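Following our numbering, the numbering of the sequence shown begins with -16 at its first residue and continues without gaps. Data first, discussion second: the structure below is written as structure tokens.
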Amino acid sequence: MSSKDEVIKYFEKELGWVPEFVQLLADYTPTALKGMLEFRRGFMAEPPAGALPKIVKELIFIVLDTVAHNVEGGKAHARAAVKAGATVAEIAEALVMTMYLMGIPTMEVAGKEILKAAVEAAKAR
């Protein structure tokens, strides 16, 4: 399997979605992208290899994507969080904490769409 295929397959499995930047980098810098994938696999490792459970890691991604206004990434991580066992209430609470520190626009711009994705994922379970 080529580096490009491996990276694409990983994101499809983990997030059910391949970010556009991954698609582009896979075409032009597959070796660098493979390095990024190994780095990601390291910090996404489940205990005991990693320290934090997947739910916590996905909640952190949700918060960071919300602050960065990365709606599509946040939605993918919301779905992954639900798949890992997070409740919609847990995701909502993380978003409220984000709103408290970063302001209401974080919810208006990204948070509401991310929360809707969590609701949809929970209904589909």
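Note that beta-carbon positions come from the ideal geometry of N, C-alpha and C, so glycine has one too. Please read all numbers here as calculations on a predicted model, not as lab measurements.
- Task: Inspect the beta-carbon positions of A104 and V65 and report whether they are closer than 8 Å.
- Result: yes
- Item | Three-way DSSP call (helix, strand, coil) for R24 in this model | Looking at R24 - three-state DSSP - the assignment turns out to be helix.
- Let me know if T70 comes out buried or exposed under the rule of 16 or more other beta-carbons within 10 Å of its beta-carbon. exposed
- Item | Burial state of D48, where buried means 16 or more other Cβ atoms lie within 10 Å | buried
- Residue from V102, N53 and F4 with nearest C-alpha to E91: N53
- Segment contact flag, the stretch 10 to 21 with the stretch 34 to 41, C-beta cutoff 8 Å, min 3 pairs: Counting C-beta pairs closer than 8 Å gives fewer than three between the stretch 10 to 21 and the stretch 34 to 41, which falls short of the contact rule.
- Task: Could you pull out every residue in the same chain whose Cβ sits closer than 8 Å to the Cβ of F(-6), ignoring the five residues on either side in sequence?
- Result: Cβ within range, chain order: W0, V1, P2 and V5.
- Item | Own chain partners of K58 with C-beta closer than 7 Å, once the 5 adjacent residues on each side are dropped | Answer for K58: E96, I97 and A100, listed in chain order.
- Query: Can you list, in chain order, the residues of its chain whose CB lies under 6 Å from that of A63, leaving out five sequence neighbours each side?
  - Reply: L(-2) and E41
- Within 10 angstroms of the Cβ of T81, are there 16 or more other Cβ atoms? Answer buried if so, exposed if not. buried
- Query: Pick from A72, I45, D(-12) and F26: whose alpha carbon is nearest that of T12?
  - Reply: That would be D(-12), whose Cα lies nearest to the Cα of T12.
- Contact set for A67: own chain, Cβ-Cβ below 7 Å, skip 5 residues either direction: K37, I38 and E41
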